[in-house]
Amino acid sequence: MQSVLFVCLGNICRSPLAQGIFEHELKKQGLDSQFDADSAGTSGWHEGEPPHKGSIAIAKKYGISIERQKSRPVHAKDGELFDYILAMDNQNRASLLDEFRFPTNKIHLMRDFSREVPLQKGLAVPDPWGKGGEAFEEVFAILEDAVQGFIELLKNRTSL
Ligand code: 4NP
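Laid out in structure tokens, this is it:
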């Protein structure tokens with residue numbers, strides 16, 4: 008069993024959606040017994056809260072249920088517990104490296120797995136917080152593409 012942690016700032020908009028899409032895709036591909044997923048925020052500002060209503064709504068539109076997730080901050084032990092730690096943007100990535108001191112080789116930028124623009128590295132999954140439904144629609148499309156690319160990589164690495 009390999010484990011994946013999705014990380015954003017508040018753990019209410021982007022990373023819960025990334026986790027939900029990842030788990031949904033794993034199930035669809037019959038891989039859900041091989042990987043474990045969780046999500047967390049570099050801040051604890053929304054600890055204990057369910058995902059943002061915009062993320063819940065866009066997930067639901069595509070048949071994915073994320074409303075039972077609860078926001079939690081990143082914990083010091085996550086750096087040891089998880090095999091892959093996927094940051095939504097460069098600020099999250101910098102926090103994981105500089106503040107939490109997680110191993111560099113475990114930390115990746117979510118969007119670097121995108122299949123849509125595979126040659127363009129370093130792009131952020133844009134923060135939809137405080138924006139309307141269109142922003143959540145855009146984030147969903149970006150995440151779905153990047154999650155597919157990430158699963159392809161996992162399949163190759165573990166030769167499933
Ligand atoms: P997230 O979005 O990092 O994708 O969960 C945000 C949620 C809350 C805040 C910022 C971003 N905030 O400032 O409270």
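Just so you know, the sequence shown maps onto residues 8 to 167 in this note's numbering. Using N, Cα and C, we set each Cβ at its ideal position, and we do this for glycine too. Treat the numbers as computed from the prediction; the structure is a model and nothing was measured.
Near the ligand 4NP: residue i beta-carbon under 7 Å from a heavy atom
i, result
"Asn-18", "yes"
"Arg-21", "yes"
"Gly-27", "no"
"Asp-134", "yes"
"His-53", "yes"
"Gly-156", "no"
"Gly-61", "no"
"Gly-6", "Look at the range of the chain in this structure, 8 to 167, and you will see that residue 6 is not part of it."
First and last residue of the uninterrupted alpha helix (DSSP H) at residue i
i, result
"Phe-147", "140 to 164"
"Leu-88", "85 to 88"
"Arg-100", "97 to 101"
Residue i - DSSP class collapsed to helix/strand/coil
i, result
"Ile-71", "coil"
"Gln-9", "strand"
"Gly-48", "strand"
"His-115", "strand"
"Asp-39", "coil"
Continuous beta strand (DSSP E) stretch holding residue i: start and end
i, result
"Ile-19", "Segment: none, Ile-19 is in no beta strand (DSSP E) and carries neither H nor E."
"Leu-93", "91 to 94"
Quiz item: Below 8 Å, can you find three or more Cβ-Cβ pairs linking the segment 52 to 72 to the segment 15 to 33?
Solution: Pairwise C-beta distances place the segment 52 to 72 in contact with the segment 15 to 33, as three or more of them are shorter than 8 Å.
Quiz item: Between the segment 70 to 79 and the segment 49 to 58, do at least 3 Cβ pairs fall closer than 8 Å?
Solution: Touching, yes.
Quiz item: Do the segment 97 to 104 and the segment 68 to 75 make contact, defined as three or more Cβ pairs closer than 8 Å?
Solution: Verdict: no, contact absent.
Exercise. Take every Cβ of the segment 122 to 136, pair it with every Cβ of the segment 34 to 50, and state whether three or more of those distances are shorter than 8 Å.
Key: With a cut-off of 8 Å, the segment 34 to 50 and the segment 122 to 136 do not count as touching, because too few Cβ pairs lie within range.
Exercise. State whether the segment 141 to 152 contacts the segment 20 to 35, with contact taken as three or more CB pairs (one from each stretch) at a distance under 8 Å.
Key: Yes, they touch.
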